[in-house]
Amino acid sequence: MKRASQKETILVALGGNALIRKHQAGTIEEQLENLRVPMRQIARLSEDYRIIITHGNGPQVGNLLLQQESCTAVPKMPLEILVAQTQGQIGYMIESTLDSAFMKAGIGDKSLVSLISYVVVDGNDPAFQNPTKPIGPVYTTEEAGRVSFPVRLTPKGYRRVVASPHPVTIVEKREIKKLIEMDFIVVCCGGGGIPVIREGRAFQGVDAVIDKDLASARLAEEVGVDIFLIATDVPGAALHYGSPEQKFLRAMTLDEADGYLAEGHFLAGSMGPKVEAAVQFMRNGGKRAVITSIDDIEKAVAGRAGTEITRYHET
Ligand code: ADP
Ligand code: MG
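Counting from 1 along the sequence shown, just add 914 to a position and that's the residue number in the numbering used here.
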């Protein structure tokens, strides 16, 4: 085991699918079980690396919205409150599975902290004029006509849409940096963080959702992590995804990534933001960015799995 001051830092961004798989209802047993594989690996990695964990919250915040829609006895809460709730619930699930993983591996004396995280967005971000991110339940045409927020027809049916502005800065970046320097494992920026607009010296929460991969890239830059690892439910980024010519990439340069993005290989809202986040981190001086499966986190750190986004071609 390395001393904290000699350790490199890894930021692991866990997909919402790491907690609830696409075919699952999302019971607590399912979520804790799904977390076991990534947490076992993260426990082992923490011996040699400082660790920051960020995570998605799509399925969890969707379930909270559905609960709100099905109940009239309790006042409805704005989205920022629901995001805060998911940061708490998922932070707790991550801490408890990671704690058991430490016990099983015989690793003692690790401190875990989950932070309620705020991410500053720009009130003039063009995303606010054009909400595109579908969230929460599907509505019938009749229901969609009655609700008090913008809705859009998606392939599943009518859904609420919110703005997805760019993350400007992570409010707690200094605190997170201090905590990892002390070798605390920090869980933060859940669901992309609670979006806030700066009004003088105060923050004001806004109804929006920040992409968790882009928020993670910004945090990775601001804290200066060594490895930015995006863990999801596929082995990496593929060309011609879902077609017979599908080919998972082991590496791509920044220029290649730009080209593939422009050609539409990586879908908006899923693989697209992951590749954009990795590219942004590397362009802003990052050392290593890799997109991999939650099953292969350790292999990817060792350079034996996933899609690496590189500055130059490997020689
Ligand atoms: P997460 O919860 O981890 O953010 P997403 O569903 O947002 O997961 O993104 C992962 C999904 O991206 C995969 O399950 C896959 O269906 C989809 N995807 C879209 N385009 C690609 C691609 N080119 N290569 C790999 N996966 C892709
Ligand atoms: Mg996603």
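The beta carbon of each residue, even a glycine, is placed where N, CA and C say it ideally should be.
### Query
DSSP puts V1027 in a beta bridge; with which residues?
V1100
### Task
Please find out if some non-hydrogen atom of the ligand ADP comes closer than 7 Å to the beta-carbon of T1146.
yes
### Query
Does DSSP classify G1220 as helix, strand or coil?
coil
### Query
Less than 8 Å separating the beta-carbons of R1073 and P1048?
yes
### Message
To the nearest angstrom, how far is the alpha carbon of F1042 from that of T1224?
### Response
33 Å
### 6 Å Cβ shell around L996 - same chain, five flanking residues per side excluded
V975, L978
### Per-residue burial, R1132 [other beta carbons within 10 Å of its own, 16 or more giving buried]
buried
### Query
Would the C-beta of S1130 count as close to the ligand MG, meaning under 7 Å from any of its heavy atoms?
no
### Message
Let me confirm a value: P1109 is counted as buried when at least 16 other C-beta atoms fall within 10 Å, else exposed. Which label applies?
### Response
buried
### Rounded separation between V1033 and P1081 - CA only
6 Å
### Query
What do you reckon, are the CB atoms on G1220 and G1150 nearer than 8 Å?
yes
### Message
the ligand ADP and F1180: does any heavy atom of the ligand fall closer than 7 Å to the residue's C-beta?
### Response
yes
### Straight-line gap, P1158 to D1127 (C-alpha atoms, nearest Å)
28 Å
### Message
As a quick exercise: from V1061, S1062, A1152, A1191, pick the residue whose alpha carbon is nearest that of G1178.
### Response
A1152
### Message
Could you give the first and the last residue of the continuous alpha helix (DSSP H) run that contains F1016?
### Response
993-1019
### Query
the ligand MG: which residues have Cβ under 6 Å from any of its heavy atoms, chain order?
G929, G970, S1184
### Task
State buried or exposed for Q945, treating a residue as buried only when at least 16 other CB atoms are found within 10 Å of its CB.
buried
### Query
Would you say A1216 touches the ligand ADP, meaning its beta carbon is less than 7 Å from a heavy atom?
no
### Query
Cα-Cα, which of G1059, S1078, P1051, I1084 is closest to P1069?
P1051
### Span of the beta strand (DSSP E), counted from its first residue to its last, around P1051
1047-1053
### Task
Compute the distance between the beta-carbons of T923 and G1104, then report whether it is under 8 Å.
no
### Message
For F1142 and I966, what's the separation of their Cα atoms in angstroms?
### Response
10 Å
### Query
So does A1152 have its beta carbon nearer than 7 Å to some heavy atom of the ligand ADP?
yes
### Query
Near M1196, what residues of its chain come up, given a Cβ to Cβ distance below 7 Å and the 5 sequence neighbours on each side ignored?
L1168, A1203, I1223, R1225
### Task
Reducing DSSP to helix, strand and coil, say where R954 ends up.
helix
### Query
Applying the criterion that 16 or more other CB atoms from any shown protein chain within 10 Å of the CB defines a buried residue, is G1022 buried or exposed?
exposed
### Message
Given a cut-off of 8 Å on the beta-carbon distance, is the pair L925 and L949 in contact?
### Response
no
### Message
What does the Cβ neighbour count give for N1198, buried or exposed, with the cut at 16 atoms within 10 Å?
### Response
exposed
### Task
Apply the 10 Å Cβ neighbour rule to T1146 and answer buried if 16 or more other Cβ atoms are within range, or exposed otherwise.
buried
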